[in-house]
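S.K.: FYI, this note's numbering numbers position 77 of the sequence shown as 77, with every residue one higher than the one before it. Mind looking over this structure? Questions follow.
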Amino acid sequence: MLPYTISETLFTAEAIQERIKELGVQIAADYPDPSEPLLLIGVLKGATLFLSDLARCIERPLEFDFVALSSYAGATETTGDVRLLKDVEASVEGKSVVIVEDILDTGLTLSRSRLAESLMERKAKSVKLCVLLDKPSRRRVEVVPDYCGFQIEDKFVVGYGMDYAECCRNLPYIGALAIAEQGAEAAS
Ligand code: IMP
Ligand code: MG
């Protein structure tokens with residue numbers, strides 16, 4: 001028996017792929033010169049599936065890499081710092097960077113990690129943010145994605161890379177967890 005129940009399917013595998021194709025076209029159009037380096041930086045682990053599909057929908061040369069950020073979960077939210085647990089391997093200097101995230105919720109992880117600022121300090125040409133899902137009603141600090149797959153209501157979602165206590169990342173679709181009190185604390 002599975003240790004969770006999916007109450008509803010929010011996005012089917014097909015709907016996810018359709019939207020990612022559109023995002024890929026939009027991103028390719030925004031970086032029209034193929035000789036200018038474009039670097040996608042996925043945030044582990046949730047964005048792995050999204051990045052791998054998105055990268056294949058951007059019809060121009062690009063590189064990709066990953067970072068790991070510590071979670072603010074468990075820390076008191078007023079003091080919790082978010083640290084960079086794994087940095088990018090390549091230099092970012094002179095590159096147009098797109099940070100690729102699974103879901104933007106409170107915004108605390110990205111803002112407290114100072115990931116975008118740190119990339120700019122290392123002389124990235126520009127830094128943009130691409131999220132598959134956005135829960136704007138949950139935002140606690142202002143973070144505005146440059147590219148967004150879908151806006152959703154305040155529901156805890158799993159699948160397509162996103163987890164509940166490491167479960168469900170491999171679901172090909174995105175679903176909402178049945179138990180309302182299960183929160184983002186268990187996610188990474
Ligand atoms: P934020 O710092 O609150 O914006 O959220 C940061 C991270 O929490 C996201 O990148 C996800 O890894 C995780 N997260 C937030 N909401 C959900 C959800 O509904 N399902 C799974 N993970 C989530
Ligand atoms: Mg994430």
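Where a beta carbon is used, it is the ideal one built from N, C-alpha and C, also for glycine.
1. Using a 10 Å radius around the Cβ and a threshold of 16 neighbouring Cβ atoms, would you call Asn170 buried or exposed?
2. Would you mind giving the Cβ-Cβ distance between Pro172 and Gln151, rounded to the nearest angstrom? I have them listed as a contact below 8 Å.
3. Starting from the C-beta of Pro37, find all residues in its chain whose C-beta is less than 6 Å away, skip the five residues before and the five after it, and write them out in chain order.
4. Indicate the three-state DSSP secondary structure (helix, strand or coil) for Leu177 in the structure shown.
5. May I have the straight-line CA-CA distance separating Leu49 from Arg140, to the nearest angstrom?
6. Using a Cβ-based criterion (distance less than 7 Å to any ligand heavy atom), does Met120 qualify as near ligand 1?
7. Roughly how many angstroms lie between the CA atoms of Tyr160 and Cys57, to the nearest whole one?
8. Got a sec, what are the start and stop residues for the alpha helix (DSSP H) Ile27 sits in?
9. Measure the CB-CB distance between Ala13 and Asp102 and report whether it falls below 8 Å.
10. Asp134 bridges to which residues according to DSSP?
11. Leaving out five residues before and five after Leu10 in sequence, what residues of the same chain have Cβ atoms less than 7 Å from its Cβ?
12. Excluding the 5 residues flanking Cys189 on each side, which residues of the same chain have their C-beta closer than 6 Å to its C-beta?
13. Cβ of Thr12 versus every heavy atom of ligand 1: is any distance shorter than 7 Å?
14. How many angstroms separate the CA atom of Ala116 from the CA atom of Leu110?
15. Strictly under 8 Å for the Cβ-Cβ distance: is Leu54 near chain C by that measure?
16. Determine which residues share a DSSP beta bridge with Gly42 and list them.
17. Can you give me the C-alpha to C-alpha distance between Val143 and Ile20, rounded to a whole angstrom?
M.R.: The answer reads as follows:
1. In the sequence shown, the residue the question calls residue 170 occupies position 170. It is exposed - the Cβ of Asn170 has fewer than 16 other Cβ atoms within 10 Å.
2. On the sequence shown, residue 172 is found 172 positions in, with the first residue counted as 1. On the sequence shown, residue 151 is found 151 positions in, with the first residue counted as 1. In fact, because the Cβ distance is near 21 Å, the residues do not count as touching under 8 Å.
3. Looking up residue 37 in the sequence shown gives position 37. The beta carbon of Pro37 sits closer than 6 Å to those of Lys95, all from its chain and outside the five residues before and after it, given in chain order.
4. Position 177 of the sequence shown, counted from the start, is the residue given in the question as residue 177. Note: Leu177 maps to strand in three-state DSSP.
5. Residue mapping note: residue 49 aligns to position 49 of the sequence shown, counting from 1. Residue mapping note: residue 140 aligns to position 140 of the sequence shown, counting from 1. Using only the alpha carbons, I get a separation of about 26 Å.
6. Position 120 of the sequence shown, counted from the start, is the residue given in the question as residue 120. No, the beta carbon of Met120 sits no closer than 7 Å to any heavy atom of ligand 1.
7. Position 160 of the sequence shown holds residue 160. Position 57 of the sequence shown holds residue 57. Roughly 17 Å between the two C-alpha positions.
8. One-based indexing of the sequence shown puts residue 27 at position 27. 13 to 30 is the extent of the alpha helix (DSSP H) around Ile27.
9. The residue you call residue 13 lines up with position 13 of the sequence shown. The residue you call residue 102 lines up with position 102 of the sequence shown. Against a cut-off of 8 Å, the Cβ pair of Asp102 and Ala13 comes out as no contact.
10. Taking the sequence shown and counting its residues from 1, one reaches residue 134 at position 134. For Asp134, which the question treats as bridged, DSSP gives the partners Leu104, Gln151.
11. For the purposes of this step, residue 10 is taken as the residue at position 10 of the sequence shown. Only Ile152, Val157, Ile174, Gly175, Ala176 meet the Cβ criterion.
12. For the chain, the structure presents residues 1 to 188; residue 189 sits outside this window and is missing.
13. The residue you call residue 12 lines up with position 12 of the sequence shown. Incorrect: Thr12 has no Cβ contact closer than 7 Å to ligand 1.
14. For the purposes of this step, residue 116 is taken as residue 116 along the sequence shown, with counting starting at 1. For the purposes of this step, residue 110 is taken as residue 110 along the sequence shown, with counting starting at 1. For Ala116 and Leu110, the distance between alpha carbons rounds to 8 Å.
15. The structure shown contains no chain C; it is built from a single protein chain.
16. Position 42 of the sequence shown, counted from the first residue, corresponds to residue 42. Gly42 pairs with Phe66, Val100.
17. In the sequence shown, counting from the first residue as 1, residue 143 sits at position 143. In the sequence shown, counting from the first residue as 1, residue 20 sits at position 20. Those two C-alpha atoms are separated by around 21 Å.
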